[in-house]
Amino acid sequence: MATSKSVEGCVKSHSRIPVNPKDTPALTSAFANGWNNLPVELKLHVLSFDLVLDKPIDSVTLEDNPKLRENLFNYLRMGPEIATLARIQFYYMNEWEVSLWKGHNSYFWRYKNPGTNHLLRRLTVSLSKGFEHWIWLANLAAGGYGFRNQSHVTLCIDARAMMRDWPDFDEMAPIIFRCHGQVKFRQSKSEDTLGKQKRLREKIQFDGEVKRVYTIVAMFSMWWSVSNFAFFFLWAELKLDFLFLGAVLTQMWAQ
């Protein structure tokens, strides 16, 4: 059940997780001066130590890592710039695991907070029902269900379900993800299964080249976010994408 808390009549929070607002220690001018002199890429890297896990996150992972949620809430209270950068690292850089579950009348994506789907950039998608899931996968690739800003998708397909449920592959329309990605298979590795895996891979394509057109805009946006704070705050949602792209490009060039 959602909870609502009010602090001194001016702050209200609606969340499915109990939130207890509290004061944080005052930051001195030394911290402010040092932080403001850091480039955006380094600020993101610093925040990653508290906010990015080395394994995919699902609803169970969040429940088992209360410190991760506490770190995020602490940064969200520190002001608009750090709050925005914290959101970038937490939602953009973590890998989020979702799976299809069957309800009474239809399938649904199992994920703890669908309201944040548009913020997620890295997905691991588990498919266990073979062809029944194909149309759902096609809609996901087209940006459906709120997952419209993907940069990388890992598809985990149950090989046993593939052997049992997949029809003639020639009848299946190709699925194209407008991002980078990969296909992984679980369970069987028989020769027959490997043959079907190859044919299925040919039906799923990842076109990560389309996002390169934003390179110049992304780099300009990173500079602008630091030099013009008012613009940074008003256009925060748009600039999340630009900052993320700039950080990824910087990491690629560093390699």
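My numbering applies: residue 1235 is where the sequence shown begins, and numbers increase by one.
No residue lacks a Cβ here, since even glycine has one placed at the ideal position from N, Cα and C.
What you are looking at is a predicted structure, and each value in this text was computed from that prediction instead of being measured.
query                                                                                                              : result
Distance between Ser1263 and Arg1355 (C-alpha atoms, nearest Å)                                                    : 34 Å
Range covered by the beta strand (DSSP E) that runs through Val1417                                                : His1414 to Arg1420
Beta-carbon proximity of Phe1419 to Ile1391, cut-off 9 Å                                                           : yes
His1386 versus Lys1430: straight-line alpha-carbon distance, rounded                                               : 24 Å
Residue range of the unbroken alpha helix (DSSP H) whose run includes Thr1318                                      : Pro1314 to Arg1321
Which residues DSSP lists as bridging Phe1411, in chain order                                                      : Phe1440
Touching by the beta-carbon criterion (3+ pairs, under 8 Å), the segment 1300 to 1313 and the segment 1262 to 1276 : no
Extent of the continuous alpha helix (DSSP H) to which Ile1391 belongs                                             : Careful: Ile1391 lies outside any alpha helix (DSSP H), inside the beta strand (DSSP E) at His1386 to Asp1392.
Cβ-based neighbour list, Pro1348, same chain, cut-off 7 Å, excluding 5 preceding and 5 following                   : Gly1380
From Thr1388, Gln1416, Ala1393 and Thr1318, residue whose alpha carbon lies closest to that of Pro1290             : Thr1388
Residue closest to Asp1288, alpha-carbon to alpha-carbon, out of Val1274, Met1327, Gly1377 and Glu1275             : Met1327
From Arg1394, Gly1442 and Ala1393, residue whose alpha carbon lies closest to that of Asn1383                      : Gly1442
Cβ-based neighbour list, Val1417, same chain, cut-off 6 Å, excluding 5 preceding and 5 following                   : Leu1389, Arg1435 and Ile1438
Unbroken alpha helix (DSSP H) run spanning Leu1374, endpoints                                                      : Trp1368 to Ala1375
Whole-angstrom distance between Lys1301 and Ala1320, CA atom to CA atom                                            : 14 Å
Beta-carbon proximity of Ala1393 to Thr1427, cut-off 9 Å                                                           : yes
Spatial distance of Val1274 from Gly1415 (CA atoms)                                                                : 26 Å
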